[in-house]
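Student: For the sequence shown, the numbering used here begins at 1011 and goes up steadily by one. Every residue, glycine too, gets a C-beta built ideally from N, C-alpha and C. What follows is a single structure, and I will ask about it in a moment.
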Amino acid sequence: MTRRSFLGTLALTSVAPRWSAQVRGRRVNIGSLIGRITNVKLYGAERPWAGANRVAYSDADVEARGYVMRLMTAAGVQPRIDAAGNIFGRRPGSDPSLAPILFGSHIDSVPNGGAFDGTLGALAALGVIEDCDFEGIGTRHPLEMVIWAHSEHVAFNRGLAGSRIAAGDVAPSDFDEVWNGMRRADAIRKIGGDPDRITEASIRPGSVHCYLELHVEQGPVLERLDVPIGVVEGIVGVDRHHVSIAGVSRPAGSTPMDERRDALVAASHLTIAVRDAVVRAAAAVTGTVDRLDMEPNAPGMVPGTVRLTIDLRGMSDAPLRAIAADIAGRAAAIATGTGTSITIAEPSRSAPVATTDALREAIERAAASLRLKTAPLASGLPHDAQRIARLAPMGMIFVPSAGGVTHAPDEQTSPMLCSYGADVLLRTVLDVDRSLPDRLGGPAGAEA
Ligand SMILES: [Zn+2]
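Here you go:
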């Protein structure tokens, strides 16, 4: 052993007891957390082992919200429902002039969904406040938990609805929409909101110190890396390219193979071309042909027309545009080769949303204090956090999803990993109470 490494060992030994005394507490109660996640799942589930069924505004959603609000009340956190139906609960800080640290997620689900999507982050938020009370930890900023209403993209063919309203993105006509025989205004009333005062639900930019969300990854990357904590770099941008392919429909039996202008054959080549273009770019981009309609779609007829959609996702614009240009070049060659014409319209875009550097660093420090490995990754799916990034600095913590399974009854994150995620959330909250400048201002990232 060299002198230097010997001294290093000594230093570590003498520091270790103090370090462990510091961190022995500051753990979210994992027994409560797992029990509550299980209880929430039982609302609306047909059988205890069946999938979660709490579509926003359903009776089960209302009952599960009531359960969580009773937990909040029991913990001394007075629940407040805003005009959009979002649930907030605040623990005061020592300096009343400071803006709150906001953290949470959602508890509505897709039909036949999983137990952990949203619910983990929502209930871990309550666990963070309870642990601060239990440990007698005071914070300078108020701590405010939030359960966003109507996050999943099911009801009214919308998602992230509660956080969207909080971010000020709302039009009066939205509330006349009808879904499942229910007007949206009445749906919001059903969960305790007030559509007549909806503008009161918008949060003023700068009035939140920062926003943090713990969520399951909903993909396989962390598990494959064998890393318990994902530090989210941002939420990907999505470009949707609508494509129409015009060939000629003729009877299959009387049209020789060399005289066909088959739109589906062209679409098939194009689907492979999308995959090849994305793989060749070797960028952090995904590309998918996710929708396809064809005409006449009839027995015995060569397909004459295909309309399809290409979904490209990534964290930065340049590779998305380069891949789109590559696909356009390949499409022109496919059109020539198949005797069809292929038109690709200007894409509809939603811009990527980056998380805030200072919050990623705080999440890294929190994980390091628990000796947990981290990996940076982008979220390929939308989250309420991307709406709140318009208002405040934003950070997200991911924990692994077993097999990458999500929105399904066998969605699974082990109690140990849930515990790690909740503890990292707790320590990040305590870190940013001190480390983040009080008037950081500015939202995390713009969104189109
Ligand atoms: Zn979710």
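Could you name the residues of the same chain whose beta carbon sits closer than 7 Å to that of Asp1443, not counting the 5 residues immediately before and after it, in chain order?
Tutor: Within the same chain, Asp1443 has close Cβ partners Ile1111, Thr1149, Arg1150, His1151.
Student: Can you find the residues in the same chain that come closer than 8 Å, C-beta to C-beta, to Ala1264, ignoring five residues on each side of it along the sequence?
Tutor: The identity of residue 1264 in the sequence shown is Ser, whereas the question assumes Ala. Excluding sequence neighbours, Ser1264 sits near nothing in its chain.
Student: DSSP three-state call for Val1288: helix, strand or coil?
Tutor: Helix, per DSSP.
Student: Beta carbon of Gly1128: closer than 7 Å to some heavy atom of ligand 1?
Tutor: Because some heavy atom of ligand 1 lies under 7 Å away, the Cβ of Gly1128 counts as near it: yes.
Student: Look up Ala1176 in the DSSP assignment and say whether it is helix, strand or coil.
Tutor: Correct three-state label for Ala1176: helix.
Student: Quick check on Phe1126: does DSSP put it in helix, strand or coil?
Tutor: Note: Phe1126 maps to coil in three-state DSSP.
Student: Measure the alpha-carbon distance for Ala1337 versus Ala1287 and round it to whole angstroms.
Tutor: Looking at the sequence shown, residue 1337 is not Ala but Ile. Rounded to the nearest angstrom, the two C-alpha atoms are 6 Å apart.
Student: Please return the same chain residues whose Cβ sits closer than 8 Å to the Cβ of Leu1427, not counting the five positions on each side in sequence.
Tutor: Excluding residues within five positions, the ones whose Cβ falls inside 8 Å are Pro1238, Val1409, Pro1410.
Student: Per DSSP, which residues does Trp1189 bridge with? Please list them.
Tutor: Beta-bridge pairing links Trp1189 to Met1192.
Student: Would you call the segment 1356 to 1363 and the segment 1282 to 1302 touching, i.e. three or more CB-CB distances under 8 Å?
Tutor: The segment 1356 to 1363 vs the segment 1282 to 1302: no contact.
Student: Leaving aside the five residues before and after Ser1212 along the sequence, list all residues of the same chain whose C-beta is less than 8 Å from its C-beta, in chain order.
Tutor: Around Ser1212: Ile1175, Ala1176, Ala1177, Gly1178, Val1180.
Student: Under a three-way DSSP split, which group does Pro1261 fall into?
Tutor: Correct three-state label for Pro1261: strand.
Student: Could you give the first and the last residue of the continuous alpha helix (DSSP H) run that contains Ala1385?
Tutor: Where Ala1385 is concerned, there is no enclosing alpha helix (DSSP H), although the beta strand (DSSP E) it sits in stretches over 1384 to 1389.
Student: For Val1188, I'd like the list of residues in its chain whose CB is within less than 6 Å of its CB, leaving aside the five on either flank, ordered along the chain.
Tutor: There are no such residues.
Student: Hey, is Glu1305's beta-carbon within less than 8 Å of any beta-carbon in chain C?
Tutor: The displayed structure is made up of one protein chain only, and chain C is not part of it.
Student: Under 7 Å from any heavy atom of ligand 1, does the C-beta of His1279 make it?
Tutor: No; taking the cut-off as 7 Å, the Cβ of His1279 has no heavy atom of ligand 1 nearer than that.
Student: Quick one: does the C-beta of His1116 sit closer than 7 Å to a heavy atom of ligand 2?
Tutor: As presented, the structure is devoid of ligand 2, carrying ligand 1 as its sole ligands.
Student: Let's test the definition: count the other Cβ atoms within 10 Å of the Cβ of Ser1424 and tell me whether it reaches 16, buried, or not, exposed.
Tutor: Classification for Ser1424: exposed.
Student: Please name the residue in Met1406, Gly1349, Ala1402 whose C-alpha comes closest to that of Glu1374.
Tutor: Nearest C-alpha to Glu1374: Met1406.
Student: Just grab the DSSP bridge partners of Gly1321 for me.
Tutor: It should be pointed out that residue 1321 corresponds to Asp in this sequence rather than to Gly. Its beta-bridge partners are Arg1250, Thr1298.
Student: To the nearest angstrom, how far is it from the Cα of Asp1206 to the Cα of Ala1197?
Tutor: Going by the C-alpha atoms only, they are around 13 Å apart.
Student: By how many angstroms is the C-alpha of Pro1306 removed from the C-alpha of Pro1392?
Tutor: Taking the straight line from one Cα to the other gives about 35 Å.
Student: What are the partner residues of Glu1154, as DSSP defines its beta bridges?
Tutor: Paired residue(s): Arg1100, Leu1112.
Student: Pull the bridge partners of Leu1222 from the DSSP assignment, please.
Tutor: Answer is Phe1113, Gly1405, bridged to Leu1222.
Student: Which residue marks the beginning of the beta strand (DSSP E) containing Ile1239, and which one marks its end?
Tutor: 1239 to 1245 is the extent of the beta strand (DSSP E) around Ile1239.
Student: What I want to know is whether the C-beta of His1151 ends up closer than 7 Å to one or more non-hydrogen atoms of ligand 1.
Tutor: It does not: the Cβ of His1151 is nowhere closer than 7 Å to a heavy atom of ligand 1.
Student: Helix or strand or just coil, what does DSSP make of Asp1327?
Tutor: Looking at Asp1327 - three-state DSSP - the assignment turns out to be helix.
Student: Name the residue from Ser1445, Ser1173, Ser1217 whose alpha carbon lies nearest to the alpha carbon of Ser1107.
Tutor: Of Ser1445, Ser1173, Ser1217, the residue nearest in Cα terms is Ser1217.
Student: Taking the straight line between their C-alpha atoms, what separation do you get for Glu1233 and Asp1204?
Tutor: Those two C-alpha atoms are separated by around 42 Å.
Student: Looking only at C-alpha atoms, which of Arg1064, His1163, Val1038 sits nearest to Ile1147?
Tutor: Per the Cα distances, Val1038.
Student: Would you mind sorting Trp1059 into buried or exposed? The rule is 16 or more other CB atoms within 10 Å of its CB.
Tutor: Trp1059 should be labelled exposed.
Student: By a C-beta neighbour count over all protein chains shown, 10 Å radius and 16 as the cutoff for buried, is Ile1201 buried or exposed?
Tutor: With 16 or more Cβ atoms within 10 Å of its Cβ, Ile1201 is classed as buried.
Student: Within 10 angstroms of the Cβ of Glu1461, are there 16 or more other Cβ atoms? Answer buried if so, exposed if not.
Tutor: The requested residue 1461 is not part of the displayed model; the chain covers only 1011 to 1458.
Student: May I ask you to report which of helix, strand or coil DSSP gives Asp1236?
Tutor: It is coil, neither helix nor strand.
Student: Less than 8 Å separating the beta-carbons of Asn1063 and Ala1074?
Tutor: It is not a contact, given that the beta carbons lie outside the stated cut-off.
Student: Would you please state the rounded distance, in angstroms, between the beta carbons of Trp1158 and Gly1114? I believe it to be under 8 Å.
Tutor: Indeed, because the Cβ distance is near 7 Å, the residues count as touching under 8 Å.
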